[in-house]
Amino acid sequence: MSKAIPSRNEDYSLWYNELVKKAGLAENSPVRGCMVIKPYGFAIWEKMQQTLDKMFKDTGHSNAYFPLFIPKSFLSKEADHVEGFAKECAVVTHYRLKNDEEKGGVVVDPDAKLEEELIVRPTSETVIWDSYKNWIQSYRDLPLLINQWANVVRWEMRTRLFLRTAEFLWQEGHTAHATKEEAIAETEQMLEVYATFAEEFMAVPVTKGVKTPNERFAGAVETYCIEAMMQDGKALQAGTSHFLGQNFAKAFDVKFATKEGKDEFVWGTSWGVSTRLMGALIMAHSDDDGLVLPPKLAPIQVVIVPIYRKDEELAAISEVAEKFKKELQARNVSVKFDNRDTHKPGWKFAEYELKGVPVRIAIGPKDLEKGTVEIARRDTKEKQFVAQEETVDFVTNLLEEIQQNIYNKAASFKEENTRTVDTYEEFKEVLEKDGGFIYAHWDGTSETEEKIKEETKATIRCIPLNSTSEEGTCMYSGKPSKGKVLFAKAY
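Below is the structure:
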């Protein structure tokens, strides 16, 4: 099987694009900037979705669904929100086509113009808060904890599969609370949910923090985020949680009667992650031979490949393989027994290596004689023979070991590529030579932030939470700084 994936060191961008396609995750669609997520790619997304959905429900949230289309007037109600998304909106202006009598085909019917244009949702705050106005009357209706799984459209000019597409899949949580303190607690709780998911399931270490005003979500009072490091040293924003204050409540007149009978505006939050996490998963762990998937998110955790020449050999191997499969499935391990006769074992080995299957079990006639199997792990490529009676326990423990090892490797990489600098010259030198995460003092002004971005293409990824950094001097302006912030080039 010819994989022909470019090396990460030679061309990281091309390596990523080719890996996504050759591993059967996604491909470009006929619609510019949009993608087709293929079955294997969607299977990984489904595992992410199922895991997160349980975490949301365990923290008291319920799923709902809101319209794809938003009246244009809704976006005008929250000034910062419309300004933040106006340039990315896809707009529906007509509701009908008609046959083109002259040239054939179809054209937009000019008589079918909408009275009010509709926006294809770039995010759903406006249409959801319009509903909340009807759902919330008193303190008894609070807190309102809603999530939706949906697709959104943000008209992107430069796209890359999973990382930045005009249409993408995501979840968006939208909650309403009686007090500011409850809303902030919710915002922080969901950030922790995202961080836990990233580290314990994706095996990706993250830095938690808050965004600067320049990078804040349009319409939010505060944006919390988790930032992950990819293998090229660039940062990827892996999740955001927004404290909305009363901005949307005031824009859509969402009030509640308190226990004392007073009318007050509710306090809001929103939070979300998207199929961009697929890009993070690929770029954080994979190598020049293909995907490296953490077992907790791998659609196939174990593949069993028979090695045989005669049908009777396959029959004997199948009996052992089916036994392993049944016992492993009883332990909630997903197993595939690949007994196809259309491909040779070597081809299958390469295919499952490319697809990042964590554990491969090979069984041949000699293994049956010896009572052993050959077990190969994807993360280290190590192989060893294991007694058949020990195989199920061995594989179960090995999956946990692989999950931890993948995380440890990513954590070590992040630590090795995180540096602290004091001067702007040192900052530029480290950024150019090594990349990665850089902690440095910043004076807190948008002007300095913009100048650094303009001159170096590095942005402030976040102001770290619970930072132990002491006050100092801004590396760029020389003005006082409250503490060091995290800079990096980013996706």
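Using numbering that gives the first Met the number 0, read the sequence shown as starting at 0 and increasing by one per residue.
Note that beta-carbon positions come from the ideal geometry of N, C-alpha and C, so glycine has one too.
With respect to the C-alpha of L160, the residue from V372, Q328, E26 having the closest C-alpha is E26. Secondary structure of P298 (DSSP, three-state): coil.
In the structure shown, the three-state DSSP call for D310 is helix. Residue environment: M229 is assigned as buried (16 or more neighbouring CB atoms within 10 Å of its CB, all protein chains considered). A check of alpha carbon separations from Q328 across V19, W169, V391 identifies V391 as the nearest.
The region 240–247 and the region 214–227 touch, with three or more beta-carbon pairs separated by less than 8 Å. For R275, the enclosing alpha helix (DSSP H) starts and ends at 275–284. Between A78 and Y94, the C-beta gap is not smaller than 7 Å, which leaves the two residues out of contact.
Counting C-beta pairs with one atom in each stretch, the region 199–212 and the region 65–82 have fewer than three that are closer than 8 Å, which means they do not touch.
CA-CA distance, R120 to F436, rounds to 33 Å. Beta-bridge partners of S240 (DSSP): Y223, W270.
The straight-line gap separating the alpha-carbon atoms of D57 and P142 is approximately 15 Å. Between V291 and G355, the beta carbon gap of about 5 Å places them in contact (Cβ cut-off 8 Å).
Take the alpha-carbon of S130 and the one of R339: they are about 53 Å apart. Uninterrupted beta strand (DSSP E) stretches at least 3 residues long and entirely within the region 28–71 occur at 34–36, 68–70, given in chain order.
If you draw a straight line from the Cα of M54 to the Cα of V420, it comes to about 38 Å. Taking the Cα positions, G267 is about 7 Å away from A248.
By a beta-carbon distance limit of 8 Å, H173 contacts S269. Their separation comes to about 5 Å.
In chain order, L313, I316, G363, P364 place their CB closer than 8 Å to the CB of Y307, counting only its own chain and leaving out the 5 sequence neighbours on each side. In this chain, the alpha helix (DSSP H) harbouring N407 covers 390–415.
Spatial neighbours of V304 in its own chain (CB-CB distance under 8 Å, excluding positions within 5 residues in sequence) are listed in chain order as D337, P344, K347, F348, Y351, R359, I360, A361, I362. In this structure, Y475 and K450 form a Cβ contact; the two beta carbons are roughly 7 Å apart against a cut-off of 8 Å. With fewer than 16 other CB atoms across the displayed protein chains lying within 10 angstroms of its CB, L96 is exposed. The Cβ-Cβ distance between Q300 and P357 falls below 7 Å. DSSP places P109 in the helix class (H, G or I) of the three-state scheme. Relative to the Cα of S123, the nearest Cα in the group N150, K132, E101, A320 belongs to N150.
Residue burial is scored here from C-beta neighbours: P479 has fewer than 16 other C-beta atoms within 10 angstroms and is therefore classed as exposed.
For the pair of segments examined, the region 270–278 was found to touch the region 28–48: the number of CB pairs separated by less than 8 Å reaches three.
Ranked by Cα distance from T447, the options L464, T467, Y423, E469 are led by Y423. Secondary structure note for A375: its beta strand (DSSP E) is the uninterrupted segment 371–376. Within the model, the alpha-carbon separation for D140 versus V265 is close to 11 Å. Shown here, V420 sits in coil according to DSSP, grouped into three states, outside any helix or strand. With fewer than 16 other Cβ atoms inside 10 Å of its own Cβ, P212 counts as exposed. The DSSP-derived three-state label of Q147 is strand. Burial state of G40 is buried, judged by a 10 Å Cβ sphere holding 16 or more other Cβ atoms. The Cβ atoms of T472 and H440 sit closer than 7 Å to each other.
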